[in-house]
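J.: If you scroll down you'll find the structure; I have some questions about it.
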Amino acid sequence: MTNSTNPQPESLHIVCPHCDAVNRVPTAKLAAQPVCGKCQKALFTGAPVDLSSARFLKQIERSDIPVLVDFWAPWCGPCRTMAPFYAQATQRLEPQFRVVKVDTEQAQDLAARYAIRSIPTLALFKHGREVARQPGAMDAQNIVAWALQNNR
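Residue numbers (my numbering): 1379 to 1530.
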């Protein structure tokens, strides 16, 4: 069923997880393992992308697909427990989502800017704006369900 009020665009801007170049990818080829026009590496790797503060804004602001962010810390037990589930969820969510991780110890400015009070915290961004947030560890099935539910 096609939604005539919100048709699917012919192409989407996808930010490379390796070099941060913005790529225009035809929507029909999104699942065909597209590569970056600048660095020639895969635009989707099947693994969460570790982002620094410097790279974070470009990824969330320039990407036409929703960006799922795991705010975590290396000393956090629940974060370490959730990490393999988050990796599994990434494989199920790409290429409809960009899935990233932000170490709040290394990116304390982002933790402060987004008022991250507990970790792990998942946040979903669309066109640079946070649209949903969920604190606490989840398994892969619940991560996927939460992301899909909040992407409406």
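Heads up, the beta-carbon is just placed ideally off N, CA and C, and yes, glycines get one too.
1. Please report the distance separating the alpha-carbon of valine 1427 from that of valine 1478.
2. Does the distance from the CB of arginine 1591 to the CB of valine 1400 come in under 8 Å?
3. Please report the straight-line C-alpha distance between glutamine 1466 and leucine 1526, rounded to a whole angstrom.
4. Could you check what DSSP says for glutamine 1418 in three-state terms: helix, strand or coil?
5. Could you check if threonine 1499 is buried or exposed, using at least 16 other CB atoms within 10 Å of its CB as the buried criterion?
6. Using 8 Å as the Cβ pair cut-off and three pairs as the minimum, do the segment 1494-1511 and the segment 1435-1447 touch?
7. For arginine 1476, report the span of its alpha helix (DSSP H) as first-last.
8. If I measure Cβ to Cβ from leucine 1408 and keep anything under 6 Å in the same chain, skipping five residues before and after, which residues do I get?
9. Can you check DSSP and say which residues form a bridge with phenylalanine 1463?
10. Should proline 1452 be labelled buried (16 or more other beta-carbon atoms within 10 Å of its own) or exposed?
11. Tell me which same chain residues have a C-beta within less than 7 Å of the C-beta of alanine 1489, skipping the five on either side of it?
12. Consult DSSP for isoleucine 1392 and reduce its assignment to one of helix, strand or coil.
13. Got a sec? Which residues, its chain only, sit under 6 Å from cysteine 1397 by beta carbon, not counting five neighbours each side?
14. Note down the Cα distance separating phenylalanine 1503 from glycine 1455, rounded to an integer number of angstroms.
15. Verify whether the separation of the beta carbon atoms of phenylalanine 1463 and alanine 1518 is less than 8 Å.
T.: Result, derived from the coordinates:
1. 4 Å
2. The first residue shown for the chain is 1379 and the last is 1530, placing residue 1591 beyond what the model contains.
3. Computed Cα separation, rounded: 15 Å.
4. Here glutamine 1418 sits in coil by DSSP.
5. buried
6. Yes, the segment 1494-1511 touches the segment 1435-1447.
7. Here arginine 1476 belongs to no alpha helix (DSSP H); instead the beta strand (DSSP E) covers 1476-1481.
8. Pro1473
9. The partner list for phenylalanine 1463 (beta bridge, DSSP) is empty, contrary to what the question assumes.
10. exposed
11. Phe1449, Thr1482
12. strand
13. Exclusion of the five residues before and after cysteine 1397 leaves Lys1416, Cys1417 as the residues of its chain whose Cβ lies within less than 6 Å of its Cβ.
14. 25 Å
15. yes
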